[in-house]
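The opening position of the sequence shown corresponds to residue 200 in this note's numbering, with each subsequent residue numbered one higher.
For each residue, glycine too, the CB sits at the ideal point set by N, CA and C.
Encoded as structure tokens, the structure appears first; notes follow it.
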Amino acid sequence: MTRINIFDSVVDKYNNYLERVIITALNSILIFLLLNKLGYQTYVDIIIPIVAIVSIVLPEVMAPIITLLFAIDKLYTLYDAITPFDILDSFFIIVLTIIIPIVLEIKYQSLQAFISAESVLGIPLTSILILAGISERRTPSINILSSLPLFYLLINLIKTNFYFSTSEIEILAIGILGILLGSYIFGINRIFSIAGILPSIIGFYALYFNSINFRLTDLIAEIIIISIAISGVSALLSSMKENKTKKEKIQEQIGIIKKEIDETLLTIGRIKSYAELQEKFENAIIKEEENLIDLSKKLDKCEDLKCINSIYPQFKDKKREITDKINDILFNIIIDYNGIVDYLKKYGIKIDEIPIPKDKVNLTETDIDNIQRILADINKNTTFALNYINSIIDSLEKINGIKLNRYYITDYSVLPKAIEELEKNNAADSATKIIEIDREILSNLTLNEYRQEKLELAKIVNDFYSRKILVSDIPQIDKITEKILELVLKYINSSINTLSSLLNVAKVQSIENLLNLTKEIKNSLEDQKKSIYEKLSYLIASVPSLKEVDEILENEDGINALFTILKDNGQIIENKILEDGCIKVEDIGINSKLSKYVAEYLSKDGIKTEIVKDQVCISK
Numbered sequence: 200m201t202r203i204n205i206f207d208s209v210v211d212k213y214n215n216y217l218e219r220v221i222i223t224a225l226n227s228i229l230i231f232l233l234l235n236k237l238g239y240q241t242y243v244d245i246i247i248p249i250v251a252i253v254s255i256v257l258p259e260v261m262a263p264i265i266t267l268l269f270a271i272d273k274l275y276t277l278y279d280a281i282t283p284f285d286i287l288d289s290f291f292i293i294v295l296t297i298i299i300p301i302v303l304e305i306k307y308q309s310l311q312a313f314i315s316a317e318s319v320l321g322i323p324l325t326s327i328l329i330l331a332g333i334s335e336r337r338t339p340s341i342n343i344l345s346s347l348p349l350f351y352l353l354i355n356l357i358k359t360n361f362y363f364s365t366s367e368i369e370i371l372a373i374g375i376l377g378i379l380l381g382s383y384i385f386g387i388n389r390i391f392s393i394a395g396i397l398p399s400i401i402g403f404y405a406l407y408f409n410s411i412n413f414r415l416t417d418l419i420a421e422i423i424i425i426s427i428a429i430s431g432v433s434a435l436l437s438s439m440k441e442n443k444t445k446k447e448k449i450q451e452q453i454g455i456i457k458k459e460i461d462e463t464l465l466t467i468g469r470i471k472s473y474a475e476l477q478e479k480f481e482n483a484i485i486k487e488e489e490n491l492i493d494l495s496k497k498l499d500k501c502e503d504l505k506c507i508n509s510i511y512p513q514f515k516d517k518k519r520e521i522t523d524k525i526n527d528i529l530f531n532i533i534i535d536y537n538g539i540v541d542y543l544k545k546y547g548i549k550i551d552e553i554p555i556p557k558d559k560v561n562l563t564e565t566d567i568d569n570i571q572r573i574l575a576d577i578n579k580n581t582t583f584a585l586n587y588i589n590s591i592i593d594s595l596e597k598i599n600g601i602k603l604n605r606y607y608i609t610d611y612s613v614l615p616k617a618i619e620e621l622e623k624n625n626a627a628d629s630a631t632k633i634i635e636i637d638r639e640i641l642s643n644l645t646l647n648e649y650r651q652e653k654l655e656l657a658k659i660v661n662d663f664y665s666r667k668i669l670v671s672d673i674p675q676i677d678k679i680t681e682k683i684l685e686l687v688l689k690y691i692n693s694s695i696n697t698l699s700s701l702l703n704v705a706k707v708q709s710i711e712n713l714l715n716l717t718k719e720i721k722n723s724l725e726d727q728k729k730s731i732y733e734k735l736s737y738l739i740a741s742v743p744s745l746k747e748v749d750e751i752l753e754n755e756d757g758i759n760a761l762f763t764i765l766k767d768n769g770q771i772i773e774n775k776i777l778e779d780g781c782i783k784v785e786d787i788g789i790n791s792k793l794s795k796y797v798a799e800y801l802s803k804d805g806i807k808t809e810i811v812k813d814q815v816c817i818s819k
């Protein structure tokens, strides 16, 4: 048990401890008087210590027993010669010294009435404790009831003087009122309750100045000292406890408010830790935050509830101001963000809007978690938009071959700037031009082996071509164009293989030139340093040559057959054209479309020829 707890226990049980001591003293005196009266003086040394020990341990048991024994002895004495006054005396003894104390003990767990009863019964030895029973600081009602046994001695006045003069009645009234008033004041339980000694001692003097046969002034002085000591110590302890309780209450209130202030500061710190809010908050609530810290310091210096009660409303006002600013900042952030979401939609970039909270956000853990969730959603959506814009930039660099800055700061305010930068670089126009070239390439090249793939790509290209191109389309356009280039490259590789095979059979310059040109186209398309636009531009310029390749590939079998015939019958054909001047190639089983290869074959052997309709003729 701590020192504080011990002190509280002593203060709370002071009256109980005091009653034990006084009851022990009174019980010892009364048993002493009783033993002497009954002639058992030889047992005094044995019985009194026993009574004292039991009284200190069980005062609530011993007080009724000793009082009852003493009262029985008095009653027994009275019944030797019964008179009306003796009956009245007996009634007073039973009611005032037995019944009332027992009732108070049972109802209020107080021995005050027994103290008053025993101090009256033991007069003159117990006279100095006559006001001890009413000097305790309990309640006025208990103290008044505890004073009733003191009126037992009035029976002596009635016995000796049945008729009273007016002045004597007035004195008795003063005495009774003095005792009752003093009892009431003693029981008020305030520091000034010690003043109850004044009416009490006046009342005592008025009632008992004829009842006690020794110097009353000395007795009164002793009674005053004891009563003041009993009430004063109680008042002092109660005052100390009250001050201690008051300080504890003040510290408790300070602790509660400081905890609330600290929690508010901690919450503000959590919000400020979000990068999206840090700058805005530092500008908006730094002064209020400093004021909260100052209030916390002032609170530490408070020594009374008035000081605390003056600070708490200030804290509430500051907290309300901070809460309002947080709501304003959050509202503005959501409005700004949603405005940017609408702006991005115009360019085909779609991210989710953030709904405005229906209820006011307060500085609670739940609401702070909601703020964090809102900011996390904004960050997530902003990151998605920036990543998509960076992918647009990547595609635009591949398309145009220019270098652009990328965006890595997840601040939604940079999104419009990024779009503006793309607009400055004509991103949508570049993508539109690419789609037009893609469409032209797919329209002019047959790509026979890959016709199905060509049709699928053409469908996508035509879809883009049929509507307005947005910057958000650029990554898809980049991908579809890459697929077109890959398809054309596959076709070119296949064509190179076919032309190489034909060249082994038909050793003519046109096929060799076309093979070399096709290889150049391949190298250009595979050049990683070239932009997509450069590759497409080169490819569109090479369409006529690729059409020739298409034509050769369509007639691959015929060309192989032609040069087989020329190889086997070359001399005959040369002789015939020299004799006739012209030769109709269909007459030798060759398609007239291949006449140019016959002319080129004859020219290689020194015979200059030209194509005349469906004949090969010697040039004039």
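Counting C-beta neighbours from all protein chains within 10 Å, is the total for Val402 16 or more, i.e. buried, or is it exposed?
Here residue 402 refers to the residue found at position 203 of the sequence shown. Note that residue 402 corresponds to Gly in the displayed sequence, not to Val. With 16 or more other Cβ atoms within 10 Å, it is buried.
Helix, strand or coil, according to DSSP, for Cys501 in the structure here?
Counted from its first residue, the sequence shown places residue 501 at position 302. Three-state DSSP puts Cys501 in coil, outside helix and strand.
As an exercise, report each continuous alpha helix (DSSP H) stretch of at least 4 residues that is fully enclosed by the stretch 541–611, in chain order.
564–599
One or two residues paired with Glu809 in a DSSP bridge:
On the sequence shown, residue 809 is found 610 positions in, with the first residue counted as 1. Partner(s): Cys816.
Between the Cα of Ile400 and those of Leu330, Ile573, Lys457, spot the shortest distance and give me the residue it belongs to.
For this step, residue 400 is matched to residue 201 along the sequence shown. Considering only alpha carbons, the answer is Leu330.
Quick one: is Ile663 buried, meaning 16 or more other Cβ sit within 10 Å of its Cβ, or exposed?
Position 464 of the sequence shown, counted from the first residue, corresponds to residue 663. One point to set straight first is that residue 663 is Phe, not Ile, in the sequence displayed. Counting Cβ neighbours within 10 Å, Phe663 comes out buried, since at least 16 surround it.
So, does the stretch 780–790 touch the stretch 748–765, judging by three or more C-beta pairs under 8 Å?
yes
Taking only runs that begin and end inside the stretch 732–792, name each unbroken beta strand (DSSP E) of 3 or more residues, in chain order.
781–783
Note down the Cα distance separating Ser794 from Val687, rounded to an integer number of angstroms.
Numbered from 1 along the sequence shown, position 595 holds the residue referred to as residue 794. Numbered from 1 along the sequence shown, position 488 holds the residue referred to as residue 687. Each residue's alpha carbon lies about 29 Å from the other.
Near Cys781, which residues of its chain fall below 6 Å by C-beta distance, leaving aside the five closest residues on each side in sequence?
Indexing the sequence shown from 1 puts residue 781 at position 582. Excluding sequence neighbours, Cys781 sits near Gln814, Cys816.
Could you spell out where the alpha helix (DSSP H) holding Pro248 opens and where it closes?
Taking the first residue of the sequence shown as position 1, residue 248 is located at position 49. 243–256 is the extent of the alpha helix (DSSP H) around Pro248.
Under 8 Å, with one C-beta from each stretch per pair, do the stretch 254–264 and the stretch 218–233 reach the 3-pair mark?
As far as the Cβ criterion goes, the stretch 254–264 touches the stretch 218–233, which means the pair count is three or higher.
Just checking my contact of Glu343 with Leu328 at CB under 8 Å: how many whole Å lie between their CB atoms?
If you number the sequence shown from 1, residue 343 lands on position 144. If you number the sequence shown from 1, residue 328 lands on position 129. Reading off the sequence, residue 343 comes out as Ile, not Glu. Their Cβ separation, rounded to whole angstroms, is 19 Å, which puts Ile343 and Leu328 out of contact at 8 Å.
Beta-carbon proximity check, Glu317 vs Ile265, cutoff 8 Å:
Position 118 of the sequence shown, counted from the start, is the residue given in the question as residue 317. Position 66 of the sequence shown, counted from the start, is the residue given in the question as residue 265. Closer than 8 Å, so yes.
Any idea what DSSP makes of Gly402, helix, strand or coil?
Position 203 of the sequence shown holds residue 402. In this structure, Gly402 counts as helix in the three-state DSSP scheme.
Around the C-beta of Ser694, are 16 or more other C-beta atoms found within 10 angstroms, so that it is buried, or is it exposed?
As a working note, residue 694 is residue 495 in the sequence shown. With 16 or more other Cβ atoms within 10 Å, it is buried.
Tell me, please, whether the stretch 589–598 touches the stretch 721–732 by the rule of three or more beta-carbon pairs shorter than 8 Å.
yes
Just tell me which of Glu304, Glu652, Ala627 has its CA closest to the CA of Arg666.
Counting from one through the sequence shown, the residue named residue 666 turns up at place 467. Selected option, being the one with the closest Cα: Ala627.
State yes or no: is the C-beta of Phe836 within less than 8 Å of the C-beta of Glu335?
Because the chain is modelled from 200 through 819, residue 836 falls outside the range shown and cannot be assessed.
Work out the CA separation of Gln513 and Leu498 for me, nearest whole Å.
As a first step, residue 498 is located in the sequence shown; it is residue number 299 there, counting from the start. As a first step, residue 513 is located in the sequence shown; it is residue number 314 there, counting from the start. Going by the C-alpha atoms only, they are around 11 Å apart.
Alpha helix (DSSP H) containing Ala627: first to last residue?
To locate residue 627, count along the sequence shown from 1; it is residue 428. From DSSP, the alpha helix (DSSP H) with Ala627 extends over 626–643.
Does DSSP classify Thr697 as helix, strand or coil?
Counting from 1 along the sequence shown, the entry for residue 697 is found at position 498. The answer is helix: DSSP assigns Thr697 an H, G or I state.
Classify Phe530: buried if its beta carbon has 16 or more other beta carbons within 10 angstroms, exposed otherwise.
As a first step, residue 530 must be located in the sequence shown, where it is residue number 331. The residue in question, Phe530, is exposed, as its Cβ has fewer than 16 Cβ neighbours within 10 Å.
Distance between beta carbons of Ala251 and Ser227, contact taken as under 8 Å
Along the sequence shown, one-based indexing puts residue 227 at 28. Along the sequence shown, one-based indexing puts residue 251 at 52. That pair is a contact at about 5 Å.
Would you mind listing the alpha helix (DSSP H) stretches within the stretch 322–348 that are 4+ residues and don't spill past its ends, in chain order?
339–346
Would you kindly work out how many angstroms separate the C-alpha atoms of Ile739 and Lys616, rounded to a whole number?
Position 540 of the sequence shown, counted from the first residue, corresponds to residue 739. Position 417 of the sequence shown, counted from the first residue, corresponds to residue 616. Approximately 35 Å, taken between the alpha carbons.
Member of Lys273, Tyr511, Ser309, Ile341 whose CA lies at the smallest distance from the CA of Ile322
Residue 322 sits at position 123 when you count from the first residue of the sequence shown. Per the Cα distances, Lys273.
Between Ile634 and Ile676, how many whole angstroms is the CB-CB distance? I'm expecting something under 8 Å.
Residue mapping note: residue 634 aligns to position 435 of the sequence shown, counting from 1. Residue mapping note: residue 676 aligns to position 477 of the sequence shown, counting from 1. Yes, Ile634 and Ile676 are in contact; Cβ-Cβ is about 6 Å, under 8 Å.
Quick one: using the 10 Å Cβ neighbour count with 16 as the cut-off for buried, is Gln240 buried or exposed?
Along the sequence shown, one-based indexing puts residue 240 at 41. Gln240 is exposed by the Cβ-count criterion.
Grouping DSSP H, G and I as helix and E and B as strand, with all else coil, what is Gln675?
Walking along the sequence shown from the start, residue 675 turns up at place 476. Of the three classes helix, strand and coil, the one that applies to Gln675 here is helix, per DSSP.
In whole angstroms, what is the alpha-carbon distance linking Lys496 and Arg337?
For the purposes of this step, residue 496 is identified with residue 297 of the sequence shown, where counting begins at 1. For the purposes of this step, residue 337 is identified with residue 138 of the sequence shown, where counting begins at 1. In a straight line, the C-alpha of Lys496 is about 41 Å away from that of Arg337.
Where Asn215 falls: helix, strand or coil (DSSP):
As a first step, residue 215 must be located in the sequence shown, where it is residue number 16. In the structure shown, Asn215 sits in a helix (DSSP, three-state: H, G or I).
Close Cβ partners of Gly757 (< 7 Å) along its chain, the five nearest in sequence each way excluded
Position 558 of the sequence shown, counted from the start, is the residue given in the question as residue 757. Closer than 7 Å at Cβ, skipping near neighbours: Asn790, Leu793.
Along the alpha helix (DSSP H) that carries Arg650, what are the first and last residues, could you check?
Counting from one through the sequence shown, the residue named residue 650 turns up at place 451. Its alpha helix (DSSP H) spans residues 650–664.
DSSP on Phe413, reduced to helix/strand/coil?
On the sequence shown, residue 413 is found 214 positions in, with the first residue counted as 1. Residue confidence for Phe413 is low, a pLDDT of 47 falling below 50, so the modelled location carries little weight and cannot support an answer.
Cα separation between Gly805 and Asn715?
As a first step, residue 805 is located in the sequence shown; it is residue number 606 there, counting from the start. As a first step, residue 715 is located in the sequence shown; it is residue number 516 there, counting from the start. Per the coordinates, the alpha-carbon of Gly805 lies some 24 Å from the alpha-carbon of Asn715.
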